[in-house]
Amino acid sequence: MSDNNKKISEQWVPPVSKTDRNYPYNCWWVAGLSSEIEHKLLGRWLLDTPVLLYRTEDGQAVAIEDRCPHRSAPLSKGCLKGDNVQCGYHGFTFSPDGKCVSIPSKEKPPRAAKVRAFPVIEQAPFVWVYVGDPNFIDDVPKPLHLDWYSDPAFASTQGVMDVAANYMLLKENVLDLTHFGYVHAKSFKITDWIDPPTCTTEGDQTSFLQTFKDSPLPGIFATPLGLEPGTPYDRDNYGSFVSPALQIAAVDLIEPKSKTITGRFRVTHAATPIDNENMYYFWVVGRDFGTSEKEIENLKVITEVGFKEDEDIIEAVQRVKSRDPKNKKIKEVSVKTDMAGVQARRIIERWMEKETVE
Amino acid sequence: MSDNNKKISEQWVPPVSKTDRNYPYNCWWVAGLSSEIEHKLLGRWLLDTPVLLYRTEDGQAVAIEDRCPHRSAPLSKGCLKGDNVQCGYHGFTFSPDGKCVSIPSKEKPPRAAKVRAFPVIEQAPFVWVYVGDPNFIDDVPKPLHLDWYSDPAFASTQGVMDVAANYMLLKENVLDLTHFGYVHAKSFKITDWIDPPTCTTEGDQTSFLQTFKDSPLPGIFATPLGLEPGTPYDRDNYGSFVSPALQIAAVDLIEPKSKTITGRFRVTHAATPIDNENMYYFWVVGRDFGTSEKEIENLKVITEVGFKEDEDIIEAVQRVKSRDPKNKKIKEVSVKTDMAGVQARRIIERWMEKETVE
Amino acid sequence: MSDNNKKISEQWVPPVSKTDRNYPYNCWWVAGLSSEIEHKLLGRWLLDTPVLLYRTEDGQAVAIEDRCPHRSAPLSKGCLKGDNVQCGYHGFTFSPDGKCVSIPSKEKPPRAAKVRAFPVIEQAPFVWVYVGDPNFIDDVPKPLHLDWYSDPAFASTQGVMDVAANYMLLKENVLDLTHFGYVHAKSFKITDWIDPPTCTTEGDQTSFLQTFKDSPLPGIFATPLGLEPGTPYDRDNYGSFVSPALQIAAVDLIEPKSKTITGRFRVTHAATPIDNENMYYFWVVGRDFGTSEKEIENLKVITEVGFKEDEDIIEAVQRVKSRDPKNKKIKEVSVKTDMAGVQARRIIERWMEKETVE
C-alpha cells in the first residue's frame, strides 16, 4: 500500500452505505480481463466507484480514480501522455500513482490535487483491483491464481458482459446447476443435473460436487472428445465459491471402464458489481481437449448463447426485485439443490459484517 | 376464497402503502379482456402486483402471482405444462391454485413453495381479478355484468391501451365530456357538449345525464343510422362511475317526432392501475345499429383515434404532475361540469378510507 | 408587478426547496431568445416551473404558468385565440395577464381559475422572465442591456442548447478559459490561455482580464481580420459574471504598433436552470469585423462545434456528480486559474442566502 493510499485511508468512507448494498468493499474484485486493458484509457464504475484503467508503456496495469479532483471530469475522457493521464477539461496531469504532476498554468500543483491509486494485481486472465478501505487490504485474501489457465495443455476463450442485475444473482445462478435443464435446455443440452450435489463448506468457501456415472454424454463434451453425443460416460462436476468476486467450476470427463480422465473442462465466473443493480460478468472457459482454434471458436459461440440465456433470466429476476421494494421482506423458499447458494449468502453476510466503516 | 388465500391473508400487506397511492386494493379490477387470455402465459403488473394470467385447457381463466417463491423469477417467462406453470429458471411447477406440485430434484416441494392464487371472475368481455386483502373479498361489490354485451342486437369492438398516467385521470376524463369539443374536435366531432350535465350520486355511485333536443346529430351517430350528419335529432347521453375500476356510458338516439329510440350506443371504460403513474385502459364500444362487420371496423378505427387523443392529453397532465411534487398541495379549480368527477374523487376517498392495512 | 402577482406572492413557495438547488429564484433569467418567441405557444420548464411563452398579436412577449388550474394540463398543448390561450383539454381560456376569461359552459369563471403571469422584460436578443417571489422583484438587479448588440457596426449569430448539466457547470466553464487548450484544441485553436487572468470582484460581480502581447493570432480572429493565422498581435480578453443568469465576455484585437483596436469580439452566455441537472444555454456571439453574411455563417458553424465540445465535457462532469451523491462532500481542488469561478461560487452563495422562503 502506497503512502498515498495510507493518507486516503484515514478518511475512507464507502461510496454507498452498508445498508444499501450487499457487496463488500474490502475484497479484491476483477476490474477487467487482461486482454481488455491496453495502453489507452478505459473508464468503469466498479462498486459505485469511478475507476480508470490503462496499461503503462511497459505493460503495467494501472487503476486510478476516474474523477479529476479539480472539477470532477472523468479522466477517461482525457488522454495519455506517456504513462501519465491528462484531464480532457483543463489539462491537469496525473501519474500512475495518482499524483498531479502538472497543471496548465505551470504553477506547482496543490498537494490535495491527487486521485486515489487503487492497488492492482494482474494474474492473467484477470486484472484485479482493490477499491475498499486501505486499512484492511492486508486482511483480505489475495486473488486466486488459476493454475489451469497457464497450463499449455489447455486452450480457452473468454468474454465480458454488462448485466443489469445484482452480482449475487449470477453467483446463485452458477451454484445451482439444476437451471441447466430449463434455461439452457436448447443450448448446452445438459439435462441430467437433477439431484442436489454434495456440498461442503470450509471457512468462507463453499464447494459442490456432482458425480455422473454412465450418463449419456452431452454433445458439448462428447463432440470435442471425438465421441457420439449420448455415449455413456462418467463425469465429475464440481465448483467453489472462492470469494464474493470469484466462482470456479470444473468438469472432469472419465472413461467409465478405465476410470481415466480423458478431458478436463474449466469455467471461471467473475462478477463485479457496478452498483447494486448492475454487474460486469467476466467469464473464462477452457479445456484440455478439442483445443484447435476452430473448436475453441465453436466453444465461444455456444458459451455466449448460453450465458445470454442466463443474463436474460437474471435480468428478469432483477426487474421483479427492483419493482417490488417490499420484496426484501419476502423470504425466498430454498430446497436441497440450493445448498451451495444458501451457503454463499451466509458467507457474503460474514464478509459484510466485517465492513465496519459506515 | 380458497384456503390458500386465507392463509396468506393473515399476513397480507399491500405492496404499496396507502399514502403512496390513490387506488384501493380491496376491489375487483379488470385484469384483461376475455379475448386476451388464452392458453398461454401473460404477465402483467396490476396495482403494483405481479400477476400471471392464462386459461386452462378447459377454458378457465387463472390469475396467480407472477413471481416464483424459489428465486423470484417471473413465472410468465416459463411455460405451461398442461394446466400447470413451470418456472423457466429452475423448473418449479405450480398448479392453478398456486401450489407447487413438483421441483426438479423430485423431493417433496416445501409447503412454503406456493404462489398466491388470485380470485377470478370472468364475465365477457372482461376477466376480473381480486388482488387485495383476502379477508375483505366478501365485503366488496361484485363486478357489474354488462347486459348489453350479450344482447344479440348489439355489435361491438374493444381494445387495450397502456397509458402512462394515473388511472384517475382517465376516470375524470370520461366524467367530464366537455373535453369533446377540444380534445376530439377533429375526430368524434361532437361539439355540443357544453352545459353541465345533471349529476346524481347514490352511495358510492355517481351518474350523469345530458339531454340533447333537436341537436345536429354528429356523423359518428348519424352515418350508421343512415342519416345525414347534422340532421336535428334528440339524444340522451348518460353514464356512471360504477366502481374505481369501471365506468359505463350510453347514448340513446331518439327520433324527435315519435320519441322512439332508434339507436343505442354503449361505451365501457375499465382503468386498472399498473402503478401510481401507469394504467391499463380496457375499452369496449358497442351499438345496436350499424352493426355490419365493416361498420364496426370503422367504429374501431375512429374510437382508436379518439382514445389516442385522450391518452395524449392525459399523459401530458401526468408529466406535469409527476414533475412537480409540490403539485399535490395545489388545489385544482372545479366548475359545474366537473360535478361527476368531483363526486368520483370523494367516492375514491371513501374506498381508500376502508383500507385499514398499512 | 400586477395585482395578480401580489396576490400570489402572499403564498409563494419555491417549487424546489433551497437545500435541493443551487440557483436563486429571485433573479431575472433568460426564458428564450427574442427570435424564438413567436405568436405561437412554447412551453418550457425554467427553474422547475412550467412556463408558457408566446407573443401577442402586437408583438409583446408573454410568460404565464404552463399548467391549467382546472385539471393541470399544460396550456402549451392548447392554442391561441387572438392574444388569449385556450387549454387543449377543456377549453378554459386565459388572457396574457393570467386571468381565466371563459370556460366552455359559459358560466362565470371562478376567481381562483387563474394562472400566474410572470413579469417579462424583453431586450433583444433576450426575453427575460422573473418566476421568483413577487415580493422581492423590486430588490433584484434588472437585466443587463447588451449595448454592442444594437450597434450597427456589429453582426452576430446565436443559438440555444438543452444541456444535461447544472447551470453552474457552464458558468465555471466560461470563467476558466484554460480549458481552451484541451476542450477546444481542435476547434477554436486558441492555445495560449495558460496563465491565470487578473480577477476583480466588486459586490456581486466578478471580472477577469487576460492580456496577450505579440501573441500568434488564432485563425478564428485572424482570418476575418484579413490576417494570416499566427500573425503576432495584441489582444485583451475580458469578461464578467454579471448575475447568476448572465456571463459576458469580450476580446479586443489590437494592432501591436499603433495600439489601435482593429476588431471587437463579444460573447454572451445565458444559462437558465431547467432543474438542478439540466439547463438551457442561450448564446450570442458578435463582432464588428468580418461581418458579411457568409463570414457570420462560418462563425456560427465554428461556435456550434466549440460549444458542443463544452456540452460534451460538462455533461460528463454532471454524470459523475449525479452518480455519486456523496460527491457533495468531496471538496474540489482549485488553483489560480479558478479565481473567477471560485468568486462566482461565493456570489451564488450570497444570492442563495437572500432566499428566505423555504
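Chains as they are written, first to last, in our numbering: chain L, 1 to 358; chain A, 1001 to 1358; chain W, 2001 to 2358.
Idealized CB from N, CA, C, for every residue including glycine.
Residue i, DSSP secondary structure in three states
| i | result |
| --- | --- |
| L:Glu315 | helix |
| A:Gln1343 | helix |
| A:Pro1134 | helix |
| L:Pro74 | coil |
| L:Ile121 | strand |
| L:Arg323 | helix |
| A:Glu1255 | strand |
| A:Trp1351 | helix |
| W:Asp2139 | helix |
| W:Asp2214 | strand |
| L:Asn278 | strand |
| A:His1184 | coil |
| W:Lys2294 | helix |
| L:Tyr419 | This structure does not reach residue 419 of chain L, given that chain L is present from 1 up to 358, and the question cannot be answered. |
| W:Trp2128 | strand |
| A:Gln1224 | Note on identity: in this sequence residue 1224 of chain A is Pro, with Gln being the wrong assignment. DSSP places A:Pro1224 in helix when its eight states are reduced to three. |
| L:Val301 | helix |
| A:Tyr1089 | coil |
Own chain partners of residue i with C-beta closer than 8 Å, once the 5 adjacent residues on each side are dropped
| i | result |
| --- | --- |
| W:Val2101 | Asn2084, Thr2093, Phe2094, Ser2095 and Pro2109 |
| L:Ile8 | At L:Ile8, the pLDDT of 48 sits below 50, so the modelled position is not reliable; the number obtained from the coordinates is stated separately. Taken in chain order, the residues that qualify are Arg116 and Pro134. |
| W:Leu2217 | Leu2225, Leu2227, Pro2229, Gly2230, Thr2231, Pro2232, Tyr2233, Arg2235 and Leu2253 |
| L:Ala344 | Met168, Lys171, Glu172, Leu175, Thr206 and Phe241 |
| W:Asp2151 | Asp2288 |
Alpha-carbon spacing of residue i relative to residue j, whole angstroms
| i | j | result |
| --- | --- | --- |
| W:Thr2231 | L:Ser76 | 35 Å |
| L:Val305 | L:Gly159 | 12 Å |
| A:Lys1373 | A:Met1161 | Past the boundaries of the shown model lies residue 1373 of chain A; chain A is included only from 1001 to 1358, so the question cannot be answered. |
| A:Ser1207 | A:Ala1063 | 32 Å |
| A:Val1183 | W:Gln2086 | 12 Å |
| L:Cys79 | A:Ala1316 | 44 Å |
| A:Gly1043 | L:Val129 | 41 Å |
| W:Met2352 | L:Glu57 | 49 Å |
| A:Ser1017 | W:Leu2246 | 45 Å |
| W:Ser2002 | W:Ile2248 | Since pLDDT at W:Ser2002 reaches only 44, below the 50 mark, its modelled position is unreliable, and no value is offered. |
| W:Pro2014 | W:Val2342 | 26 Å |
| A:Asp1111 | A:Glu1358 | In the sequence as presented, Asp is not what sits at residue 1111 of chain A; that position holds Arg. If you take the alpha carbons of A:Arg1111 and A:Glu1358, they lie about 27 Å apart. |
| L:Ser215 | L:Phe289 | 19 Å |
| L:Glu349 | L:Arg21 | 11 Å |
Beta-carbon proximity list for residue i, same chain, < 6 Å, skipping 5 on both sides
| i | result |
| --- | --- |
| A:Glu1237 | The sequence as given places Asn at residue 1237 of chain A; Glu does not occur at that position. So the list reads Gln1210 and Val1251, once near-sequence residues are dropped. |
| W:Gly2088 | Lys2077 and Gly2078 |
| W:Glu2255 | Thr2262 |
| L:Arg266 | Trp148, Ala250 and Gly286 |
Listed by chain order, chain W residues near residue i by CB distance under 8 Å
| i | result |
| --- | --- |
| L:Gly88 | Tyr2182, Val2183 and Ile2313 |
| A:Ala1316 | Ala2073, Pro2074 and Lys2077 |
Nonlocal neighbours in the same chain, by C-beta distance under 7 Å from residue i, ignoring five residues either side
| i | result |
| --- | --- |
| A:Ile1314 | Val1163, Ala1165, Leu1169, Leu1170 and Asn1173 |
| L:Tyr23 | Leu47, Tyr167, Pro244 and Pro273 |
Chain W residues whose Cβ lies nearer than 7 Å to that of residue i
| i | result |
| --- | --- |
| A:His1179 | Tyr2089 and His2090 |
| L:Glu107 | Val2335 and Lys2336 |
Per-residue contacts from residue i into chain L (C-beta, under 8 Å)
| i | result |
| --- | --- |
| W:Val2163 | Under the 8 Å cutoff, chain L gives no residues; its nearest Cβ is about 15 Å from W:Val2163. |
| W:Glu2172 | Arg71 |
Chain-ordered neighbours of residue i on chain A, where CB pairs are closer than 8 Å
| i | result |
| --- | --- |
| L:Ile194 | Pro1104, Ser1105 and Lys1106 |
| L:Asp236 | Ordered by position in chain A, no residue passes the 8 Å Cβ test against L:Asp236, which lies about 19 Å from the chain. |
Contact list for residue i against chain W, beta-carbon separation under 9 Å
| i | result |
| --- | --- |
| L:Pro50 | Val2320, Arg2323 and Asp2324 |
| L:Ala113 | Val2333 and Val2335 |
7 Å Cβ cut-off: residues of chain L touching residue i
| i | result |
| --- | --- |
| A:Arg1067 | Val320 |
| A:Pro1134 | Residues of chain L passing the Cβ test: none, with the nearest at roughly 17 Å. |
Within chain A, partners of residue i - CB distance below 7 Å
| i | result |
| --- | --- |
| W:Pro2110 | Val1333 and Val1335 |
When the Cβ atoms of the stretch 2189-2200 of chain W are set against those of the stretch 2044-2056 of chain W, are three or more pairs found closer than 8 Å? Touching, no, given that fewer than three Cβ pairs across the two stretches are closer than 8 Å.
Would the stretch 231-246 of chain L and the stretch 168-186 of chain L be scored as touching if the rule is three or more Cβ pairs under 8 Å? A contact between stretches requires three or more CB pairs, one per stretch, nearer than 8 Å, and the stretch 231-246 of chain L meets this requirement with the stretch 168-186 of chain L.
Per the contact definition of three or more C-beta pairs closer than 8 Å, is the stretch 269-282 of chain L in contact with the stretch 297-304 of chain L? no
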